[in-house]
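Residue numbers (my numbering): 2 to 619.
Glycine residues also receive a C-beta, built at the ideal position from the N, C-alpha and C atoms.
Before any comments, here is the structure.
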């Protein structure tokens, strides 16, 4: 088995409790022995990454970034993982960041190498994941001439990054990289691109660290306004039907301990969005599960019936709200978020709170304690009676299949039960993503990774690879569909060669399942180009077991419900190689509950043809 040219430095076995922005503040600079030594632009890149605390880079070399790969060869502090496609590098960096809370790093050459990163950067941008991408650019004198492998990657990525830099001066490289890490990891996290001309990489320079950052106008607000927090606490202390609407910002802010304290103190119902699964344990009696298009009936109903919605790190996206003007019609809205641009963007906030969510929730607990001392604890018995009735009447479940093949929901449910809540689960996009969000119990933050905002097929395998690199002691399962898997499965070669033993549960229904579901429901069963078999050919193409073996992985197949448990346990016994399990399941299974696009959450369907009856005025 091939190994990395240099041993990887120690990495955390569990998520860090706080994101690690690069330390370049003046006070820190004064306390450190300054580094000032002869260098080159390429060496500046490598040294800056080392000094920023980076331990792993996912990348692929090419002409415009080649000068940097030469000093990278000598680094004993950086592990470079050679991917098979630059999109894989971007998703791996995202998976690393999402699983650990640290900044993920990817690297690519100019032109197509850089443009192949765009999907991954857009994905990280939508889901607020801290990533720094380093790309090579043609020499400064060639920029704008349509030179070989030239692309305006700064212009192309501006809409899908927090910031993009173009560097043509070797002396500026340390400062720009330091600024990139600072921007990526502070405020609302997100991806930052640093595009560096080949001429700057080749030029002589001086390496200076810590550099002086120059970021005029970038001053993220972290401390919330005390009066706004006090008003939110008063509302929460006096509401009769309160709901805490928890979004992915709670995970990014590492706010789970503080959030749990607020949940216990408030007595409010809690819903955790697709991006926030695990932020509040599923076992907590106040957690109603996931809201939205494929959320639980109690979670959707609670928002519709609420008199107060406290949104914590959530953005009122369309997949949660349904038809916006009918969302939570009787609720006062408290909206807390690190990004002021999100406040009242989709739903007007009666009480806006801008700041770091960890600090907001900490302050809210203090103020809520004081408010309850003044107003007393609210009587929520009637509220919980309604919600518990909905939980009892509309539990999550599935119908038996009619074609004799396994129910995918059963496979995923058993995976979660056998593997347990300490593992990290990384999903692709589609039906299997929703089932994984619904039927696996999440007890911890940063154990559920998926592409939420962009909905990127092909996310799972490379993101799982990145998560496993960042948390080598954790069991990491990618839950993927056969459509998603065929977009990025080449990274299994990377996993096999680099000794990254991820496990893949392939939910193989021989079709583009979620698109097929919509064709069933809204297009009269006209299955236009969603069958992944060619015509009437019933062969399994590709044979995923043989494909896994060709990539140096262990391949297993399960076609019988009675073999599911034994197959999962066999996969769990293999620790020294990646494992791919081909679960052959029914293509007719559908994701329920469902709120169809563009309709009110009041019109949620519990199952095909079954609409729950809940009256928000009860």
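Residues in its own chain within less than 6 Å of residue i by CB, not counting five upstream and five downstream?
i           : result
residue 246 : 272, 310, 312 and 315
residue 399 : 408 and 410
residue 453 : 128, 275 and 276
residue 2   : Reliability fails at residue 2, whose pLDDT of 39 lies under 50, so the model's placement of it is uncertain and the value that follows must be treated cautiously. Excluding residues within five positions, none has a Cβ falling inside 6 Å.
residue 448 : 279 and 425
residue 49  : 175 and 178
Among the options, which residue has its Cα nearest to the Cα of residue i?
i           : options               : result
residue 111 : 86, 197 and 88        : 197
residue 193 : 142, 170, 383 and 121 : 121
residue 415 : 506, 47, 592 and 275  : 506
residue 341 : 564, 586, 383 and 355 : 355
residue 470 : 59, 330, 299 and 38   : 59
residue 1   : 164, 102 and 169      : Any question about residue 1 goes unanswered here, given that the chain covers just 2 to 619.
residue 337 : 454, 289, 260 and 406 : 260
residue 162 : 63, 190 and 170       : 190
residue 380 : 339, 501 and 243      : 243
residue 43  : 82, 137 and 101       : 137
residue 319 : 37, 600, 608 and 612  : 600
residue 455 : 159, 185, 124 and 78  : 124
residue 56  : 221, 68, 375 and 81   : 81
residue 274 : 289, 103 and 39       : 289
residue 179 : 579, 515 and 132      : 132
residue 231 : 182, 350 and 372      : 372
residue 359 : 523, 392, 188 and 516 : 188
residue 83  : 499, 36, 229 and 343  : 499
residue 480 : 473, 464 and 472      : 464
residue 565 : 419, 166, 518 and 476 : 419
residue 169 : 441, 572 and 142      : 142
Heavy atom of the ligand NAP less than 6 Å from the Cβ of residue i, yes or no?
i          : result
residue 45 : The ligand NAP is not part of this structure, which contains no ligands at all.
Just list the residues that DSSP pairs residue i with in beta bridges.
i           : result
residue 509 : 585
residue 38  : 208
residue 340 : Residue 340 pairs with nothing; no bridge assigned.
residue 595 : 606
residue 83  : 60
residue 109 : 136
residue 503 : DSSP lists no partner for residue 503.
residue 611 : 608
So, for residue i: in the same chain, excluding its five sequence neighbours on each side, which residues have a beta-carbon less than 7 Å away from its beta-carbon?
i           : result
residue 329 : 304, 305, 307 and 310
residue 277 : 247, 248, 249, 251 and 252
residue 466 : 93, 96, 492, 495, 496, 501 and 503
residue 27  : Confidence in residue 27 is poor, its pLDDT being 39 and thus under 50, which makes the residue's placement unreliable; the coordinate value appears in the next sentence. The answer is none, since no qualifying residue turns up.
residue 577 : 502
residue 68  : 43, 199, 202 and 203
residue 589 : 402, 403 and 404
residue 70  : 62
What does a CB cutoff of less than 8 Å around residue i pick up in its chain, not counting 5 residues either side in sequence?
i           : result
residue 233 : 311, 335, 337, 352, 354, 365 and 368
residue 545 : 483, 486, 507, 509, 556, 558, 581 and 583
residue 658 : Outside the shown range of the chain (2 to 619) lies residue 658, about which nothing can therefore be said.
residue 33  : Only weak support exists for where residue 33 lies, its pLDDT of 48 falling under 50; the value from the coordinates is given anyway. Excluding sequence neighbours, residue 33 sits near 211.
residue 215 : 176 and 180
I'd like to know whether the C-beta of residue i is nearer than 7 Å to at least one C-beta of chain C.
i           : result
residue 165 : Among the chains in the structure shown there is no chain C, since it carries only a single protein chain.
**Asked** Could you give the uninterrupted runs of the beta strand (DSSP E) lying entirely in the region 178–255, keeping only those of 3 residues or more?
**Response** 192–198, 205–210 and 243–247
**Message:** My parser needs the alpha helix (DSSP H) runs of 4 or more residues fully inside the region 463–500; what are they?
**Reply:** 483–489 and 492–499
**Asked** Are three or more beta carbon pairs between the region 113–120 and the region 149–161 nearer than 8 Å?
**Response** yes
**Residue ranges of each beta strand (DSSP E) within the region 517–569, 3 or longer** = 555–559
**Message:** Can you confirm whether the region 418–432 touches the region 262–271 when touching is taken to mean that 3 or more C-beta pairs between the two stretches lie within less than 8 Å?
**Reply:** no
**Message:** To test your reading of the DSSP string, which unbroken alpha helix (DSSP H) runs of 4 or more residues are found completely within the region 241–329?
**Reply:** 250–253, 257–267, 298–306 and 319–322
**Asked** Taking contact to mean at least 3 C-beta pairs separated by less than 8 Å, is the region 198–215 in contact with the region 167–175?
**Response** yes
**Item:** Entirely enclosed beta strand (DSSP E) segments - the region 344–375, minimum 3 residues
**Value:** 352–355
**Minimum length 3: unbroken beta strand (DSSP E) runs contained in the region 119–178** = 132–138 and 164–168
**Prompt:** Unbroken beta strand (DSSP E) runs of length 3 or more, entirely within the region 375–436: which are they?
**Reply:** 425–428
**Message:** Assess contact between the region 62–72 and the region 100–111, defined as three or more Cβ pairs (one per stretch) separated by less than 8 Å. Is contact present?
**Reply:** yes
**Asked** Between the region 434–444 and the region 281–300, are three or more C-beta pairs nearer than 8 Å?
**Response** yes
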